[in-house]
Amino acid sequence: MARVIVYYAHPGHKHSHVNRDMMAAAQAIEGVTFVDLYAEYPRHNINIDKEQERLVNHDIMVFQFPLFWYSTPSLIKEWEDLVLEYGFAYGTGGDALAGKSMMLAITTAGPEEAYQPEGYQHYPLETFLTPLEQTARLCKMAYLPPYVLHAALRAPKEDRVSPHVEGYRRLLMALRDEDYDMAVAGQTKAVFHDSLPLRKGLVQ
Amino acid sequence: MTGFLLLAFVFLVAGVLAVPIATRLGLGSVLGYLIAGIAISPLLAALHVDVVSLQHFAEFGVVMMLFLVGLELEPKLLWQMRNRLLGLGGLQVVVTALLVMAAALVMGQGWSIALAIGLVLSLSSTAIVLQTLGEKGLMKSDGGQGSFSVLLFQDIAVIPMLALIPLLALPELLEATHAVAAHGAEGGDHSAGPLFIETLEGWQRALVTLGAVAAVILAGNYLTSPIFRFIAAAKLRELFVATALTIVIGIALLMTFVGLSPALGTFIAGVVLANSEYRHELESDIEPFKGLLLGLFFMTVGAGINFGLLFGSFGTVLGLTIGLIALKVAVLYALGVIFKIGGGDRWLFALGLAQAGEFGFVLLSFTVANGVIPAAVSDQLLLVVALSMLLTPVLFILYDRIIAKKYSEIQDREADHIDEKGVAIIAGHGRFGGIVNRILRSAGHSTVVLDHSSAQLDMIRKFGFQAFFGDATRPDLLHSAGIDEAKLIVIAIDDREKITQLVHYVHSNHPHVHIVARARDRDHVYEIYAAGCRDIIRETFDGGVRTGRSALEALGMHPFDAEKLVKDFEAADRKALQELAEVYDPDIPAAENEAYVARAREMMEAQEAEMKKGRIGFGIRSERGWMPPVGRPARLGAARDADADDAA
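Each protein sequence line maps, in turn, to chains A and B.
So the first sequence is residues 164 to 367, counted in the numbering used here.
So the second sequence is residues 21 to 668, counted in the numbering used here.
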């Protein structure tokens, strides 16, 4: 059993199309810690000690958020700035996170084809995520390819929400039960609800 | 009675007329008083006023001044000054006395007369120098501190001098003075040894003296607070004044009784009380008496000048005076070099202390009474002392106009350490001001807290805060709390009328001070706004808003949404408050103020219209940036979500 923590951040939570349901699914899983950052720190007053303790007590961190301006919502950035301290997460003596894993679960408004050199976003998605990937690396953590839903704003109309939410549930359970094939996952840029590299064939 | 009133009237008119004119001309108040004294001297002569005894009475102003100086000086600071006090002060007195003595010997006086003259003239004028330094705000400068050390040492040195002078008596003079003993007794009223103490053995005398000083220190430490608390219960302003005067006069009497200088005794009492919560109360109570008495003193100096003798030997007196000043300046300047008083401050120190002082008058009459100096010499010396005091303001003007200007760059750089008084005044230290005080102090700011509840003060002091007793709406108390140097006043008292009154006073009299004021309610905000404050905090508003936010969360709203909602509410409410303040008239009740009602209705209608359009309704930003871009005008949607696609 791996100890999984989900950090969720969405400043427009009540307008959410997909993340709300993902949150409900994640909260229902036993043995997975779920943190709604905007609910816990509505005034951005992050409790550094508490957060570091949480990190120490978990093996896998999942950050769930909608992509805003090619990055995280501002509270996650604030969280990183404060919690990932020198001497804790990196630098001399900063080994608290060594050997742990980090994964993103993101929704984008743009469709998959936009994230190509000829698409209107011009770059592949992983390029926009390199700051987070490097953050994990500097903290001596494994960086797992993100779990992605593209064109999230159209998803309710196209009935793509519940497969994605169900996939999220299976993903988190597999991470918890150590059934997630990290080696296979490492060969991809991103994973989707229909391409989860789960070890046991029972799901999917 | 009529005689007394007439006399008081004459002095008051002279002072009231002369001092503002002198200040306007940049001559300083001391010169103004001196000139006033000279001007009324013929009138005083016609009224047969005994100027000398009046001067002895007025010298009590010096005692009060030293009490006030002591109040400003914590024991710790005094201890830090000890080297300068003994070194600078001691050398100044000894060297000046010896040089003056040498000069007197050269002029053909006997050695005992010469020594007495040296002692008399080595002293400077505490009254003039401290008054002038205080007026010019130079007390905390290096030169001011050096001057203070010397003056304090001189005040202490008067005591051994009074003991030494009778030993210098000349037999032939003594006989002559016994014949006219009346004059001596009169002068001795202030300075001659008291009767009781004379009858004791040396060791007994020392014991009584030490006992008296110990009594002052102990009573100052342990008795003043209970006494003032007792007085405070009566809630009568004049009782405080009476108590403060009782303290000062009582100490002066005790000190005279045991043969110590009253000025020294009250100074010690002042230092002891410097840490007391009643310090500012005492200061503002004694201050007016000190000012009036010193003014009277300066006028008697001016009035006491014997013009007949002056014009008779004008050249000699002027020559002696200038010689004395030059000699004192030289000694002081050399000491300034030795004790590393820098640049312009050294000149301030040297020129400021170059006169002879009021203790010179005391000692001169004492020397004549004891048959040390012949009356003819003494009369001439009295003129020298008076003239040198008269010239002191001129020396200060010289310093101001020429030397300070030259060194102004250095002064600018050194300005920091002058500026050490409380930066923030907090009026009222209850549930409201207490929080402000704790926050300011945790950020390292020095605060001066004023509160008029004795019980509250006891509590604050137990927690180790500096706090002072007094009604913050009294201008004199604000003054002694340092409103002139303060950057900020936080008005946190309960009484709404007093808050408004205080805002009005500070805004119109001290426009440089930032005012943060506590408002009791919405209407009170307008009152304070009209009184000139632009930093107004409604005392219950923040608490109400936070309660509303908690209630929203309890009803199931996401905490971040609740936060955004109350932020919008706050912003909208504040905006409405500001707009309505512009049309608020303190003289018309809000409901009868047409402009106010019209504006309020207009704003309410606008808000309603927005709510009907489905917006949040506070007319503010709301949360549009975090809403999904779909189905909204592109102008808004593009703001946050760059990832917006073309989905319809």
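Note that the Cβ used here is the ideal one computed from N, Cα and C, for glycine as well.
In the displayed model, Val181 (chain A) falls within coil according to three-state DSSP, outside both helix and strand.
DSSP places Met275 (chain B) inside the alpha helix (DSSP H), whose first and last residues are Arg257 to Phe277.
C-alpha of Ala406 (chain B) to C-alpha of Glu192 (chain B): approximately 28 Å in a straight line. In this chain, Ile513 (chain B) is not harboured by any beta strand (DSSP E), its DSSP state being neither H nor E.
Burial state of Trp223 (chain B) is exposed, judged by a 10 Å Cβ sphere holding fewer than 16 other Cβ atoms. In the structure shown, Val195 (chain A) falls within a strand segment according to DSSP collapsed to helix, strand and coil. In this structure Leu171 (chain B) is in contact with Ser144 (chain B), their Cβ atoms being roughly 6 Å apart against a cut-off of 8 Å. In the DSSP assignment, Ile168 (chain A) is bridged to A:Thr196 and A:Met224. In summary, the residues of the segment 570–583 of chain B whose CB is separated from some CB of chain A by less than 8 Å are His578, Pro579, Phe580, Asp581, Ala582 and Glu583, in the order they occur in the chain. Around the beta-carbon of Asn220 (chain A), fewer than 16 other beta-carbon atoms lie within 10 Å, marking it exposed. Looking from the CA of Asn208 (chain A), the closest CA among A:His327, A:Trp232 and A:Trp242 belongs to A:Trp242.
Contact check for Leu401 (chain B) against Leu384 (chain B) passes: the beta carbons are separated by less than 7 Å. Taking each of B:Ala596, B:Arg249, B:Ala252 and B:Leu280 in turn and checking the Cα distance to Ala232 (chain B), the smallest one comes out for B:Leu280. For Tyr201 (chain A), the chain B residues whose C-beta falls within less than 8 Å of its own C-beta are His578, Pro579 and Phe580, listed in chain order. Contact of Arg206 (chain A) with chain B by beta-carbon distance below 7 Å involves Glu583. Linking Gly273 (chain A) to Ala172 (chain A) through their CA atoms gives a straight-line distance of about 19 Å. When DSSP assignments are scanned along the segment 294–325 of chain A, the uninterrupted stretches of beta strand (DSSP E) that are 3 or more residues long and fall wholly within it turn out to be 305–312. Beta-bridge analysis with DSSP links Leu470 (chain B) to B:Ala447 and B:Phe488.
Linking Arg299 (chain B) to Pro413 (chain B) through their CA atoms gives a straight-line distance of about 31 Å. Boundaries around Met266 (chain A) are those of the beta strand (DSSP E), Ser264 to Thr270, since no alpha helix (DSSP H) includes it.
DSSP, read as helix, strand or coil, puts Ile503 (chain B) in coil.
Contact annotation for Gly257 (chain A) against chain B: no contact, minimum CB-CB distance about 30 Å [criterion: below 9 Å]. Of all residues in the segment 81–95 of chain B, none has a C-beta nearer than 7 Å to a C-beta of chain A. Annotated three-state conformation of Leu361 (chain A) is strand, per DSSP. Within chain B, no residue has its beta carbon less than 9 Å from that of Leu295 (chain A); the closest one is some 16 Å off. In the displayed model, Val246 (chain A) falls within a helix according to three-state DSSP. Counting along the chain, Val69 (chain B) sits inside no beta strand (DSSP E), nor does DSSP assign it H or E at all. In the DSSP assignment, no residue is bridged to Arg421 (chain B).
Against Met647 (chain B), the close residues of chain A are Gly175 and His178, in the order they occur along the chain (beta-carbon pairs closer than 8 Å). Taken through DSSP and simplified to helix, strand or coil, Val392 (chain B) comes out as coil. Proximity of the segment 181–195 of chain A to the segment 244–256 of chain A falls short of the contact definition, fewer than three beta-carbon pairs being nearer than 8 Å.
For chain B, the residues of the segment 282–314 of chain A that bring a beta carbon within less than 7 Å of one of its beta carbons are Ala314, in chain order. Cβ-Cβ separation between Val510 (chain B) and Ala551 (chain B): approximately 16 Å, too far for a contact (criterion under 8 Å).
In the DSSP assignment, no residue is bridged to Arg44 (chain B). Here Ser237 (chain A) carries a helix assignment [DSSP, helix/strand/coil]. For Val72 (chain B), the closest C-alpha among the options B:Ser49, B:Asp471 and B:Thr320 is that of B:Thr320.
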